[in-house]
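Worksheet for the structure shown next.
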Amino acid sequence: MVLYEAVRPLRDVCFNAGSYLYFERRILSVMYEAGLRAASDWHARGPLVDHLDEPAVSLAAPVD
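Here the sequence shown is numbered in our numbering, starting from 210 and rising by one per residue.
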């Protein structure tokens, strides 16, 4: 399984703790544009792969 780092827009005045609950058309448009820029930047750089730390001991029961 390949995990990729999340694509997130840069912090801006339109993003705060309640920004995803704010539905004013102008703010949603600003958020949308920020998301497009973040996705374009991510696509231009190429995906950054995230790595999971391997557990020291397997937590799964052996399968026979």
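Note that the Cβ used here is the ideal one computed from N, Cα and C, for glycine as well.
Determine the closest residue to residue i out of the options, with distance taken between C-alpha atoms.
i	options	result
Pro218	Tyr241, Glu233 and Ala253	Tyr241
Which residues does DSSP list as the beta-bridge partners of residue i?
i	result
Val258	Tyr213
Hey, would you say residue i sits closer than 7 Å to residue j, going by beta carbons?
i	j	result
Val216	Ala243	no
If I measure Cβ to Cβ from residue i and keep anything under 8 Å in the same chain, skipping five residues before and after, which residues do I get?
i	result
Val258	Val211, Leu212, Tyr213 and Glu214
Got a sec: does the ligand HEM put a non-hydrogen atom nearer than 6 Å to the Cβ of residue i?
i	result
Arg235	Annotation note on the ligand HEM: not contained in the displayed structure, which lists no ligands.
If we ignore side chains and look at the alpha-carbon of each, how far apart do residue i and residue j end up?
i	j	result
Val239	Asp221	10 Å
Arg234	Asn225	16 Å
Asp250	Tyr229	22 Å
So, for residue i: in the same chain, excluding its five sequence neighbours on each side, which residues have a beta-carbon less than 6 Å away from its beta-carbon?
i	result
Phe232	none
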